[in-house]
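Participant: Here the protein sequences come in this chain order: V and P.
The working numbering puts the first residue of the first sequence at 16, with every later residue one more than the last.
The working numbering puts the first residue of the second sequence at 16, with every later residue one more than the last.
By construction, the Cβ of each residue, glycine as well, lies at the ideal position given by its N, Cα and C atoms.
There are 2 protein chains.
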Amino acid sequence: MSASRRQSPDTKAEIQAVALELFIEQGFTATSLQQIADRIGVTKAALYYHFPSKADLARSIFLPWKDDLDAFLDEAEAHPERSPRELIGDAFDVLVRHRGAFTAMMVDGSIIRHVDLIAWTGEWATRLQGLFVGPNPSIYQQTRVAIAFGGLNDAVFLLAQLPEEEVRPAAIDAVCGALGIETGELDN
Amino acid sequence: MSASRRQSPDTKAEIQAVALELFIEQGFTATSLQQIADRIGVTKAALYYHFPSKADLARSIFLPWKDDLDAFLDEAEAHPERSPRELIGDAFDVLVRHRGAFTAMMVDGSIIRHVDLIAWTGEWATRLQGLFVGPNPSIYQQTRVAIAFGGLNDAVFLLAQLPEEEVRPAAIDAVCGALGIETGELDN
DNA sequence: GTCTATAATCAGATAGAC
DNA sequence: GTCTATCTGATTATAGAC
Numbered sequence: 016m017s018a019s020r021r022q023s024p025d026t027k028a029e030i031q032a033v034a035l036e037l038f039i040e041q042g043f044t045a046t047s048l049q050q051i052a053d054r055i056g057v058t059k060a061a062l063y064y065h066f067p068s069k070a071d072l073a074r075s076i077f078l079p080w081k082d083d084l085d086a087f088l089d090e091a092e093a094h095p096e097r098s099p100r101e102l103i104g105d106a107f108d109v110l111v112r113h114r115g116a117f118t119a120m121m122v123d124g125s126i127i128r129h130v131d132l133i134a135w136t137g138e139w140a141t142r143l144q145g146l147f148v149g150p151n152p153s154i155y156q157q158t159r160v161a162i163a164f165g166g167l168n169d170a171v172f173l174l175a176q177l178p179e180e181e182v183r184p185a186a187i188d189a190v191c192g193a194l195g196i197e198t199g200e201l202d203n
Numbered sequence: 016m017s018a019s020r021r022q023s024p025d026t027k028a029e030i031q032a033v034a035l036e037l038f039i040e041q042g043f044t045a046t047s048l049q050q051i052a053d054r055i056g057v058t059k060a061a062l063y064y065h066f067p068s069k070a071d072l073a074r075s076i077f078l079p080w081k082d083d084l085d086a087f088l089d090e091a092e093a094h095p096e097r098s099p100r101e102l103i104g105d106a107f108d109v110l111v112r113h114r115g116a117f118t119a120m121m122v123d124g125s126i127i128r129h130v131d132l133i134a135w136t137g138e139w140a141t142r143l144q145g146l147f148v149g150p151n152p153s154i155y156q157q158t159r160v161a162i163a164f165g166g167l168n169d170a171v172f173l174l175a176q177l178p179e180e181e182v183r184p185a186a187i188d189a190v191c192g193a194l195g196i197e198t199g200e201l202d203n
C-alpha cells in the first residue's frame, strides 16, 4: 500500500475532468481551486502537486484540442483537392471531439488569455479562411467565412444535446450556404 | 459649488462607460470594482452610492440591449409580411447598436448569470427561430437557424473594425445562405 | 502523493464622517 | 456625492509534516 490516503488510479486525469466540468458550469475565472478539490475529495494543496498553477491546469485541458486542430489544418492544406463539404465535416468533427474544452471557452472567453490561446486563435482563423477563399479575401468574403464558421461553433455549443448524426449534415448544408459555395456567390 | 470634490456632469454614466470598457478588455468576473474606480479617479465606495452591487451595475449596461431586442421581436411578430432579408438586416442593426454590451457577453459569457440574462436568451432564441421556421422546427431547421444567427453574432463581434456598410449586405447574404431561404432547403 | 497550516493578497460590501 | 476606514470572506500559492 502506498503512503497516500486515496488510491485513485490517476488523480491527475480526475483533476482535469472535474476542472473542465466546473469551467463549463461556472467559467474559468469564477471557478476556484478549492471547488475543484472539494468535488474530488482532496485538498487544494494536492492540486499543486500535479499542476504548478491554475493556468497550467487549464492549459493541459486545452492542448489536445490545439493539437487536433493543428493536425486538421496541416492535412487540409496538404490536400487542396479535397471538397469543401469534406473539409467542413472534418472541422465539425474536430469541434465535437473537443466539445468540453470548446464549451469552456464559450462560457468564459477570458480563459483564452490564461492559456495563451490568444496567439493561436488568430492563426486558426487565417488558415481556415485560406482554405475557402485564399489569401487576401475581400470584406464580403471575410464576412461570409466569419458567419459560416462562427455559426458552426455556436451550433456545436447550442445543440450539444441533439443527436450528432442529424445535426452534422444540417450543419454542413448551412455552412455551405453561408459561404455561398454552391451558388458561386463567394466570388465577390 | 457642491460638496463633492469631482464635478463630473454624470458620474453614473461615466461608471457605466468605464465598466463596459473593462468588461470588454478583461471580462466581467476578472474586472474588480477597484479597477473601475481607479480608472475614473474615484473610490470604490463612490461606486456603491450609484449602484447597489456589481451585478446591478452590469444589469444597467445590458438593459438597453434587452429593451431594443424585445422591441425588434415584438415588431417582427406583429408584421409577418416583412421579408426575411429585412428582418435579418434589422437583427444586424440591433446587434451593432449594442455592440459594447454584446461584446462583453462574448468575452465573458458568465456575465449572463449575474444579469439574469439567462432567462431572456432562451426566449429570444425561440422567438427568432419562430420568425423563420415557425413553431416545432425539425432538427435540420434548428441547426440551420443556430448557425445563421450564431454566425451573425460572431461576425458583428469579429469584424468590429471593418466598415459596417460593407459588412452588412455580406452578412445578410450569408445568413440567408445559412438558412437556405432562397434555395428552399429550409423545408426539411 | 497527500496532508495541515498559513502567508499574502484581493474581492465585494458597509458605516459613518464631511 | 464622495471620502476614509474597515469588515468579512475567498483567492492563489507555499512550507513542511507524514
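So which of P:L110, P:E96, P:I76 has the shortest CA-CA distance to I30 of chain P?
Facilitator: Looking at the Cα atoms, P:I76 is the closest of the given residues.
Participant: If distances are taken between C-alpha atoms only, which option among V:R100, V:F107, V:L146, V:L132 comes closest to C191 of chain V?
Facilitator: Answer by Cα proximity: V:R100.
Participant: Quick check: what's the CA-CA separation for F147 of chain V versus L35 of chain P?
Facilitator: Their Cα atoms are separated by approximately 35 Å.
Participant: Would G93 of chain V count as contacting chain P if we go by Cβ distances under 9 Å?
Facilitator: The amino acid occupying residue 93 of chain V in the given sequence is Ala; Gly does not appear at that position. Not closer than 9 Å to any Cβ of chain P, the Cβ of A93 of chain V fails to qualify, so no.
Participant: Out of P:D108, P:V160, P:W139, P:L102, which one is the CA nearest neighbour of E200 of chain P?
Facilitator: Per the Cα distances, P:V160.
Participant: Could you tell me whether the Cβ atoms of S125 of chain V and Q50 of chain P are closer together than 9 Å?
Facilitator: No, the pair does not count as a contact, with Cβ atoms beyond the cut-off.
Participant: Is it the case that the Cβ atoms of T158 of chain P and A45 of chain V are separated by a distance below 9 Å?
Facilitator: Cβ distance not < 9 Å, so T158 of chain P and A45 of chain V don't count as in contact.
Participant: Taking only beta-carbon positions, decide if R159 of chain P is within less than 9 Å of chain V.
Facilitator: Output row for R159 of chain P: interface = yes.
Participant: Excluding the 5 residues preceding and the 5 following F117 of chain V in the sequence, name in chain order all residues of the same chain whose CB lies nearer than 8 Å to its CB.
Facilitator: For F117 of chain V, where only same-chain residues beyond five positions count, the Cβ hits under 8 Å are W80, L110, N168, V171, F172.
Participant: Could you list which residues in chain P have their beta carbon closer than 8 Å to that of L177 of chain V, in chain order?
Facilitator: In chain order: I154, Q157, T158.
Participant: Quick check on N168 of chain V: does DSSP put it in helix, strand or coil?
Facilitator: Looking at N168 of chain V - three-state DSSP - the assignment turns out to be helix.
Participant: What residues from the segment 28-42 of chain V come within 7 Å of chain P, judged by C-beta to C-beta, listed N to C?
Facilitator: So the list reads Q41, G42, given in the order they occur along the chain.
Participant: Please confirm if N168 of chain V has its CB atom under 9 Å from at least one CB of chain P.
Facilitator: For N168 of chain V, the answer is yes, since a Cβ of chain P falls inside 9 Å of its Cβ.
Participant: Using a Cβ cut-off of 7 Å, pull out every chain P residue sitting near D131 of chain V, in sequence order please.
Facilitator: What D131 of chain V touches in chain P: nothing, since even the nearest Cβ is about 16 Å away.
Participant: Output, in chain order, the set of chain P residues within a Cβ distance shorter than 9 Å of L48 of chain V.
Facilitator: Within 9 Å Cβ-Cβ: nothing; L48 of chain V doesn't reach chain P, min ~15 Å.
Participant: Between the Cα of I103 of chain P and the Cα atoms of P:M120, P:S153, P:G166, which residue gives the shortest distance?
Facilitator: Measuring from the Cα of I103 of chain P, the nearest candidate turns out to be P:G166.
Participant: Tell me whether S68 of chain P sits in a helix, a strand or coil according to DSSP, three-state version.
Facilitator: Coil, per DSSP.
Participant: Going along the chain, which residues of the segment 105-118 of chain P sit with their C-beta nearer than 8 Å to a C-beta in chain V?
Facilitator: Those would be none; no residue qualifies.
Participant: Can you find a heavy atom of the ligand PLP that lies under 8 Å from the Cβ of I76 of chain V?
Facilitator: This structure does not include the ligand PLP; it has no bound ligands of any sort.
Participant: Assuming contact is defined by CB atoms lying nearer than 9 Å, are L194 of chain P and A189 of chain V in contact in what I supplied?
Facilitator: Yes. Within cutoff.
Participant: Mind checking if N151 of chain P is an interface residue toward chain V, Cβ cutoff 9 Å exclusive?
Facilitator: It does not: the Cβ of N151 of chain P has no partner Cβ on chain V nearer than 9 Å.
Participant: Taking L88 of chain P as the reference, give the member of P:T26, P:D108, P:T58, P:H129 with the closest Cα.
Facilitator: Closest option to L88 of chain P, Cα to Cα, is P:D108.
Participant: Which of the three DSSP states is assigned to L174 of chain V in this structure?
Facilitator: In the structure shown, L174 of chain V sits in coil (DSSP, three-state: anything other than H, G, I, E or B).
Participant: Please identify, using Cβ separations under 7 Å, the residues of the segment 74-93 of chain V that lie next to chain P, in order along the chain.
Facilitator: Those would be none; no residue qualifies.
Participant: What number of angstroms, rounded off, separates the C-alpha of A106 of chain P from the C-alpha of N203 of chain V?
Facilitator: Answer to the nearest angstrom: the Cα atoms are 23 Å apart.
Participant: Does the beta carbon of S125 of chain V come closer than 9 Å to any beta carbon on chain P?
Facilitator: Answer yes: the Cβ-Cβ gap between S125 of chain V and chain P drops below 9 Å somewhere.
Participant: Let's see if you can read the secondary structure: which residues bound the alpha helix (DSSP H) around D108 of chain V?
Facilitator: Taken as a continuous stretch (DSSP letters only), the alpha helix (DSSP H) holding D108 of chain V covers 99-112.
Participant: Return the first residue and the last residue of the alpha helix (DSSP H) that A185 of chain V is part of.
Facilitator: Its alpha helix (DSSP H) spans residues 179-194.
Participant: I'd like the list of long-range same chain contacts for I219 of chain V, defined as Cβ closer than 6 Å, with 5 residues on each side in sequence excluded.
Facilitator: This structure does not reach residue 219 of chain V, given that chain V is present from 16 up to 203, and the question cannot be answered.
Participant: Is the CB-CB distance between H129 of chain V and D83 of chain V below 9 Å?
Facilitator: No, Cβ-Cβ distance for H129 of chain V and D83 of chain V is not below 9 Å.
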